[in-house]
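At the far end of the sequence shown sits residue 868, using the numbering used here, and the numbering has no gaps.
Glycine included, C-beta positions come from ideal geometry on N, C-alpha and C.
If you're wondering where the values come from, they're calculated on a predicted model, not measured in any experiment.
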Amino acid sequence: MQKTRHTFCRICEPSCGLLADVQDNKLVRLRPDNEHPVSRGYACHKGLNAHAVLNDPDRLDVPMQRCSDKGTQATFKAASWEDAIAGAAAGIQAVREKYGHDAVAGFVGNPVAFNALGTQALTSFFMSLACRRIFTSATQDCANKFAGSEAVFGTSTLHPIPDLEHTRYALIFGENPKVSHMSFVSMPDPVARFRSAVKNGARIWFVNPRRIESATSATGEALLIRPDTDLYFMAALLHEMDRTGLWKQDVIDRHGKHASALRAFIKPWDADTTEQVTGIAPELTRQIASEFGSAESACVHMSTGINMGGQGTLCYWLLHMLCFVTGNLDRRGGNLYSQGFYPAAAAGRIDVTDPGRIWFPSDFGDMRVIRGALPGNLLPDMIESAKTPVRALVVISANPLLSMGGGERLRKAFETLEHLVVLDIYRTATGDYADWLLPCTDMLERADINICGLGMQHTPHVQYTDAVVTPRAQRREEWWILGNIERALGGRPPLQDEDSEKVFRRIDRMLGHAELCIEKLRAAPHHTEVLPPVEPGHFYEKYIQTGDQRVDCCPPLFADALQSAHDIYKELQQEPAETLKLINLRTIYMQNSWYHNIESLKRPGQQDNPLHMAPADAQRLGIRQGDRIRVFNTNGQIETTACIDERLRQGTVAMSHGWGNRHSSGLRVARKFPGVNVNALLPTGPGSYEKLSNQAHMTGIPVEVCLDAAPASGGF
Ligand SMILES: Nc1nc2c(c(=O)[nH]1)N[C@H]1C(S)=C(S)[C@@H](COP(=O)(O)OP(=O)(O)OC[C@H]3O[C@@H](n4cnc5c(=O)[nH]c(N)nc54)[C@H](O)[C@@H]3O)O[C@H]1N2
Ligand SMILES: Nc1nc2c(c(=O)[nH]1)N[C@H]1C(S)=C(S)[C@@H](COP(=O)(O)OP(=O)(O)OC[C@H]3O[C@@H](n4cnc5c(=O)[nH]c(N)nc54)[C@H](O)[C@@H]3O)O[C@H]1N2
Ligand code: SF4
Ligand SMILES: [Mo]
Numbered sequence: 153m154q155k156t157r158h159t160f161c162r163i164c165e166p167s168c169g170l171l172a173d174v175q176d177n178k179l180v181r182l183r184p185d186n187e188h189p190v191s192r193g194y195a196c197h198k199g200l201n202a203h204a205v206l207n208d209p210d211r212l213d214v215p216m217q218r219c220s221d222k223g224t225q226a227t228f229k230a231a232s233w234e235d236a237i238a239g240a241a242a243g244i245q246a247v248r249e250k251y252g253h254d255a256v257a258g259f260v261g262n263p264v265a266f267n268a269l270g271t272q273a274l275t276s277f278f279m280s281l282a283c284r285r286i287f288t289s290a291t292q293d294c295a296n297k298f299a300g301s302e303a304v305f306g307t308s309t310l311h312p313i314p315d316l317e318h319t320r321y322a323l324i325f326g327e328n329p330k331v332s333h334m335s336f337v338s339m340p341d342p343v344a345r346f347r348s349a350v351k352n353g354a355r356i357w358f359v360n361p362r363r364i365e366s367a368t369s370a371t372g373e374a375l376l377i378r379p380d381t382d383l384y385f386m387a388a389l390l391h392e393m394d395r396t397g398l399w400k401q402d403v404i405d406r407h408g409k410h411a412s413a414l415r416a417f418i419k420p421w422d423a424d425t426t427e428q429v430t431g432i433a434p435e436l437t438r439q440i441a442s443e444f445g446s447a448e449s450a451c452v453h454m455s456t457g458i459n460m461g462g463q464g465t466l467c468y469w470l471l472h473m474l475c476f477v478t479g480n481l482d483r484r485g486g487n488l489y490s491q492g493f494y495p496a497a498a499a500g501r502i503d504v505t506d507p508g509r510i511w512f513p514s515d516f517g518d519m520r521v522i523r524g525a526l527p528g529n530l531l532p533d534m535i536e537s538a539k540t541p542v543r544a545l546v547v548i549s550a551n552p553l554l555s556m557g558g559g560e561r562l563r564k565a566f567e568t569l570e571h572l573v574v575l576d577i578y579r580t581a582t583g584d585y586a587d588w589l590l591p592c593t594d595m596l597e598r599a600d601i602n603i604c605g606l607g608m609q610h611t612p613h614v615q616y617t618d619a620v621v622t623p624r625a626q627r628r629e630e631w632w633i634l635g636n637i638e639r640a641l642g643g644r645p646p647l648q649d650e651d652s653e654k655v656f657r658r659i660d661r662m663l664g665h666a667e668l669c670i671e672k673l674r675a676a677p678h679h680t681e682v683l684p685p686v687e688p689g690h691f692y693e694k695y696i697q698t699g700d701q702r703v704d705c706c707p708p709l710f711a712d713a714l715q716s717a718h719d720i721y722k723e724l725q726q727e728p729a730e731t732l733k734l735i736n737l738r739t740i741y742m743q744n745s746w747y748h749n750i751e752s753l754k755r756p757g758q759q760d761n762p763l764h765m766a767p768a769d770a771q772r773l774g775i776r777q778g779d780r781i782r783v784f785n786t787n788g789q790i791e792t793t794a795c796i797d798e799r800l801r802q803g804t805v806a807m808s809h810g811w812g813n814r815h816s817s818g819l820r821v822a823r824k825f826p827g828v829n830v831n832a833l834l835p836t837g838p839g840s841y842e843k844l845s846n847q848a849h850m851t852g853i854p855v856e857v858c859l860d861a862a863p864a865s866g867g868f
């Protein structure tokens, strides 16, 4: 008999409600949940195509052991789980005995953040291994936000979200809601929220080097900026607001500190001066400063287009300041903290005035550990280090060979690893280097709650889902795999079936804060409880975590970075006018490096990743639509085709990431449409990441472009 199950999507942050029609443990159809109390029938085609991922014949179904040498075409043979757990553990143990604990490292990618039990298990796993070198995809997309909130609010887990519903004015930096559905704010169908904000009279600007799809007459205007110069635009807005008396001195006196140092930092950067670097007309900067500063309410948000720049932490600081000094922090229509079912703001608390807690000595100089993570861009260096090399790596739901800067260099480093264990749902470009490939369940094959949006939900709610279908073949959940490797290393017996009950206990305890538990959620309609709405009035007394409960308007920790900001400004001033800067370009047909194996999404126009160029730049270089071109810089070079894109600001080129599956023999569709790995053009190693946050520098990267005459080398 066919049954309909309530579940929710765990691919990106909105966690849209879904209905799954299931017959005989087979998923017949996935549909948007029209009656869902929060997503109300919204779901995008990534979520609705999750059935294609579930049923993909290229999915990893059984554990696989490598049987060819590294550096040669990968071949694998099937193994039992017993042998796979024992083999994965034995390799880790051998490396520990030979080189010590620090030779074992971990790489944690994006999807496991949407997996409540998986997240919990990996923390326990790496702690039990006494593993100190952990890398995460956060240093590719948001580590600057953790570092910024630590310094300004005293905690990495406090990120006030824009109250779009009530706002009169919004500035959205480096984010494309129509395509990405946003990050660090969880709201289904964000475009509808922008539309209704505009209808309610709000003025909205999308600050971006590209006239993005999100900006329309119904949703807000595009404000074109030169890549990686947002810091100076934000500084100019603050400068102009201060000059015209729009800072709320009473709020600053009551809740802030170090405001004079903030004033000193922004002093040189007025609207006229910064135009040279940002490309934004001074009248427009002054107009926005005046409108924002005098609006009844105004809110801000920024995302990966800024995070991935060279100064993401300073940008997040100034973003907080735009909101704070104008009295919009904790104000209706401004930015509000959305607590949700658990008081998570305290979980990331850290005293950044204590240098011992902040700087961690390493072979590569002092560095920070941001929410447990070292700079991902040092992974190849740490693998190749003569003194203390990483020799074994456990990769959990990540595809660093395609998602990180470094291209060929990273590939060479991976070839030298003595032991690589990869937990994935596919055999990816990274998986091709594995000694053990461990097949995981996908979101439809596991019970879960929507943990990812905690603390950032527009409409706070918590949803539980059972597994929609029991796992296919030998696929297993991450908590089970990691738990068993941990037990094998500790000489303990393997996990039993009844342990599956225990794993939800910690989640139950967390839910207890909202007087909820899994059983209550199971019994609720749509397995969902909608929590009280986000309200202003608690930020300064309840949520902020600095020792004195004051907002740090200019954290002393930033001193060196503030000096560098001046140096970078000078470099930008001196940059030749025709310099081309590379930015990222997401599409709705992919999810970072995955979803590439879904044939139905490989529509015309989606079968490779061309370089998008502004018409004037293409014309100057004699390049036309569809021409074969070479894109290069000191980091690497790739070959692709040109796509003339009128949306781009002159001086900017854009390309989608996650492509480059020419060698990925485990992915038949992706290999048929390989595209190229744009990350071969991004820097790696010391100097390629922001010191304050470990965030990799991934946008605004200078490149050169020419018609392809000579055969390419490098690339991937
Ligand atoms: N140039 C450029 N590079 C970028 C970006 C960019 O904008 N431009 N964006 C970056 C961003 S925002 C991020 S977050 C990082 C992401 O970096 P990664 O996390 O390394 O990359 P993903 O492609 O998200 O890969 C996740 C892997 O998880 C697997 N997977 C999916 N679901 C599951 C699951 O349930 N369990 C397990 N075990 N595996 C699963 C997929 O098959 C895939 O191989 O990359 C970044 N790289
Ligand atoms: N369809 C789809 N959805 C996704 C993902 C996906 O791969 N595909 N990935 C998910 C993940 S892991 C994340 S983190 C989120 C990311 O969500 P978003 O941050 O919204 O990601 P993007 O759509 O890449 O938007 C980044 C924007 O920044 C702009 N930009 C680039 N450089 C600069 C700059 O220097 N200054 C300014 N002001 N803007 C700049 C780009 O033009 C782009 O429009 O999306 C999630 N959702
Ligand atoms: S917007 Fe994100 S959460 Fe919603 S259906 Fe699409 S992929 Fe899933
Ligand atoms: Mo991301």
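Any non-hydrogen atom of ligand 4 within 7 angstroms of residue i CB
{"i": "Ser455", "result": "no"}
{"i": "Asn360", "result": "no"}
{"i": "Ser335", "result": "yes"}
{"i": "Asn267", "result": "no"}
{"i": "Asn846", "result": "no"}
Where residue i falls: helix, strand or coil (DSSP)
{"i": "Gln428", "result": "helix"}
{"i": "Ser449", "result": "coil"}
{"i": "Gly866", "result": "Only weak support exists for where Gly866 lies, its pLDDT of 43 falling under 50; the value from the coordinates is given anyway. In the structure shown, Gly866 sits in coil (DSSP, three-state: anything other than H, G, I, E or B)."}
{"i": "Phe336", "result": "coil"}
{"i": "Ile601", "result": "strand"}
{"i": "Ile480", "result": "The identity of residue 480 in the sequence shown is Asn, whereas the question assumes Ile. Coil, per DSSP."}
{"i": "Pro391", "result": "Checking the displayed sequence, the identity of residue 391 turns out to be His instead of Pro. Reduced to three states, the DSSP call for His391 is helix."}
{"i": "Asp533", "result": "helix"}
{"i": "Val174", "result": "strand"}
{"i": "Gly300", "result": "helix"}
{"i": "Pro591", "result": "strand"}
{"i": "Ala596", "result": "Reading off the sequence, residue 596 comes out as Leu, not Ala. In the structure shown, Leu596 sits in a helix (DSSP, three-state: H, G or I)."}
{"i": "Asn829", "result": "coil"}
{"i": "Cys858", "result": "strand"}
{"i": "His407", "result": "helix"}
{"i": "Asn736", "result": "strand"}
Any chain C beta carbon closer than 8 angstroms to residue i
{"i": "Asn785", "result": "The question asks about chain C, but that chain is absent: this structure has only one protein chain."}
Buried or exposed by the 16-neighbour rule on C-beta atoms within 10 Å, applied to residue i
{"i": "Gly461", "result": "buried"}
{"i": "Asn736", "result": "buried"}
{"i": "Asn186", "result": "exposed"}
{"i": "Leu171", "result": "buried"}
{"i": "Glu638", "result": "buried"}
{"i": "His610", "result": "buried"}
{"i": "Gly839", "result": "exposed"}
{"i": "Lys198", "result": "buried"}
{"i": "Pro420", "result": "exposed"}
{"i": "Gln175", "result": "exposed"}
{"i": "Asp506", "result": "exposed"}
Distance cut-off 7 angstroms: residue i Cβ against heavy atoms of ligand 2
{"i": "Val331", "result": "yes"}
{"i": "Gly528", "result": "no"}
{"i": "Phe287", "result": "no"}
{"i": "Asp341", "result": "no"}
{"i": "Asp235", "result": "no"}
{"i": "Asn328", "result": "yes"}
Range of the contiguous beta strand (DSSP E) that encloses residue i
{"i": "Glu681", "result": "Thr680 to Val682"}
{"i": "Val783", "result": "Arg780 to Phe784"}
{"i": "Met556", "result": "Run containing Met556: none; DSSP gives neither H nor E here."}
Any non-hydrogen atom of ligand 1 within 7 angstroms of residue i CB
{"i": "Val214", "result": "no"}
{"i": "Ala550", "result": "yes"}
{"i": "Ser308", "result": "no"}
Endpoints, alpha helix (DSSP H) assigned at residue i
{"i": "Arg823", "result": "Arg820 to Lys824"}
{"i": "Phe493", "result": "Run containing Phe493: none; DSSP gives neither H nor E here."}
Neighbouring residues (CB closer than 5 angstroms to any heavy atom of ligand 3): Cys161, Ile163, Cys164, Pro166, Cys168, Ala195, Cys196, Lys198, Gly199 and His333
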